[in-house]
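Position one of the sequence shown corresponds to residue 165 (this note's numbering), numbered consecutively onward. Virtual Cβ for every residue (Gly too), placed ideally from N, Cα, C.
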Amino acid sequence: GAKLAADTAADALGVGEMGIGNTTTSSAVLAVLLSAEVETVTGRGGGVTDESFLRKKAVIRQAIEVNRPDRNDPVDVLSKVGGFDLAAMCGAFLGAAATRRPAVIDGFISAVAALCAVRLCPRARDYLVPSHASFEIGYRLAMDAMNLEPLFLLGMRLGEGSGCPLAFQVLSAACAIMNDMATFDQAGIDDGYLDEIRQGDRFTVEGKS
């Protein structure tokens, strides 16, 4: 993941996933990293039945108990209760940071991978851009752990890179504003009316200051 990210010529990267069952592994990884109860980080994922949801949480608890991952070692956590997809996404976030490019977080699974990257390299956080807020309950905990806020609250829970194009548009707009927006001088605007504000943050209303 890190090599793929480092080798791409893109100005920004979107990190998403496609798969079945990976909210289970993501919840397991998050529970370990945050020392949290399984119930507080585990959602229904693709919309399982009540019985399957109970089974999902039981499987996560058992996986953590049997494998005993070290919460202070994200690589150990990923290798014991995570998966290749999470490990590759974690690497992609690190690769983007190493080449000083923003990487967009796409939903819950991507957020857990990003948290692993931040735990491995705290400065990687500066290159993370959360796209949409996932409905999965663990998403908010992952964001809080990284002190990040998503750009969009759209009720999405799909993942699969679906939020990345939206975030790319915001990044493009931000770059355009910084690079292309004219100054007052360039636009020929008389800013004399701002003198009073500059001199003391005072406004004159009907001749009174």
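Exercise for the section: Name, in chain order, the residues that DSSP records as bridge partners for L177. Expected result: Numbered from its first residue, the sequence shown carries residue 177 at position 13. Partner(s): A267.
Practice task
List the DSSP bridge partners of F316.
Solution key: For the purposes of this step, residue 316 is identified with residue 152 of the sequence shown, where counting begins at 1. Note: F316 sits in a beta bridge opposite H296.
Handout entry: Buried or exposed by the 16-neighbour rule on C-beta atoms within 10 Å, applied to F348
Key = Taking the first residue of the sequence shown as position 1, residue 348 is located at position 184. Exposed is the label assigned to F348, since fewer than 16 other Cβ atoms lie within 10 Å of its Cβ.
Exercise for the section: Would you mind reading off the limits of the alpha helix (DSSP H) that contains D240? Expected result: Walking along the sequence shown from the start, residue 240 turns up at place 76. Where D240 is concerned, the enclosing alpha helix (DSSP H) starts and stops at 238-245.
Problem - Extent of the continuous alpha helix (DSSP H) to which P329 belongs - result: The sequence position of residue 329 within the sequence shown is 165, counting from 1. Counting along the chain, the unbroken alpha helix (DSSP H) around P329 starts and ends at 328-344.
Handout entry: Whole-Å CB distance - A166 paired with G259, under 8 Å assumed
Key = Within the sequence shown, residue 166 is the residue found at index 2, counting from 1. Within the sequence shown, residue 259 is the residue found at index 95, counting from 1. Indeed, because the Cβ distance is near 4 Å, the residues count as touching under 8 Å.
Problem - Any 3 or more C-beta pairs closer than 8 Å across the stretch 312-328 and the stretch 191-206 - result: Touching, no, given that fewer than three Cβ pairs across the two stretches are closer than 8 Å.
Practice task
State the Cα-Cα distance for the pair V268 and H296, rounded to the nearest angstrom.
Solution key: Against the sequence shown, residue 268 aligns to sequence position 104. Against the sequence shown, residue 296 aligns to sequence position 132. In a straight line, the C-alpha of V268 is about 10 Å away from that of H296.
Problem - Under the three-state DSSP convention, the category D355 falls into - result: For the purposes of this step, residue 355 is taken as residue 191 along the sequence shown, with counting starting at 1. Residue state, collapsed to three classes: coil.
Exercise for the section: Would you check if the distance between the CB atom of A251 and the CB atom of L242 is smaller than 9 Å? Expected result: Along the sequence shown, read from residue 1 onward, the residue named residue 251 stands at position 87. Along the sequence shown, read from residue 1 onward, the residue named residue 242 stands at position 78. In contact: A251 and L242 (Cβ atoms closer than 9 Å).
Handout entry: Coil, strand or helix - K167 by DSSP
Key = In the sequence shown, residue 167 corresponds to position 3, counting from 1. In the structure shown, K167 sits in a helix (DSSP, three-state: H, G or I).
Exercise for the section: Could you spell out the range, first to last residue, of the alpha helix (DSSP H) harbouring C254? Expected result: Along the sequence shown, read from residue 1 onward, the residue named residue 254 stands at position 90. Here the alpha helix (DSSP H) through C254 covers 248-262.
Problem - I301 beta carbon less than 9 Å from that of N186 - result: Within the sequence shown, residue 186 is the residue found at index 22, counting from 1. Within the sequence shown, residue 301 is the residue found at index 137, counting from 1. No, they are not a contact pair.
Practice task
Tell me, please, whether the stretch 276-291 touches the stretch 221-232 by the rule of three or more beta-carbon pairs shorter than 8 Å.
Solution key: Because the criterion of three Cβ pairs below 8 Å is not met, the stretch 276-291 and the stretch 221-232 do not touch.
Handout entry: Residue burial classification, E181 (beta-carbon count within 10 angstroms, cutoff 16)
Key = For the purposes of this step, residue 181 is taken as residue 17 along the sequence shown, with counting starting at 1. With 16 or more other Cβ atoms from the protein chains shown falling within 10 Å of its own Cβ, E181 counts as buried.
Handout entry: For L305, three-class secondary structure by DSSP
Key = The count along the sequence shown starts at 1 and reaches residue 305 at position 141. L305: helix per DSSP, three-state reduction.
Problem - D359 to A337 span [Cα, whole Å] - result: As a first step, residue 359 is located in the sequence shown; it is residue number 195 there, counting from the start. As a first step, residue 337 is located in the sequence shown; it is residue number 173 there, counting from the start. Straight-line measurement puts the Cα of A337 at about 30 Å from the Cα of D359.
Problem - As assigned by DSSP and simplified to three states, the class of M310 - result: Within the sequence shown, the letter at position 146 stands for residue 310. Three-state result, M310: helix.
Practice task
Determine the direct distance from the alpha carbon of T188 to that of D171, and round the result to whole angstroms.
Solution key: Residue numbering aside, residue 171 sits at position 7 when the sequence shown is read from its first letter. Residue numbering aside, residue 188 sits at position 24 when the sequence shown is read from its first letter. Taken atom to atom, the span from the alpha-carbon of D171 to that of T188 is near 30 Å.
Handout entry: Assumed close pair A277, V202 - CB separation to whole angstroms, cut-off 8 Å
Key = Stepping through the sequence shown from its first residue, residue 277 is reached at position 113. Stepping through the sequence shown from its first residue, residue 202 is reached at position 38. At roughly 19 Å, the Cβ-Cβ gap does not stay under 8 Å, so A277 and V202 are not in contact.
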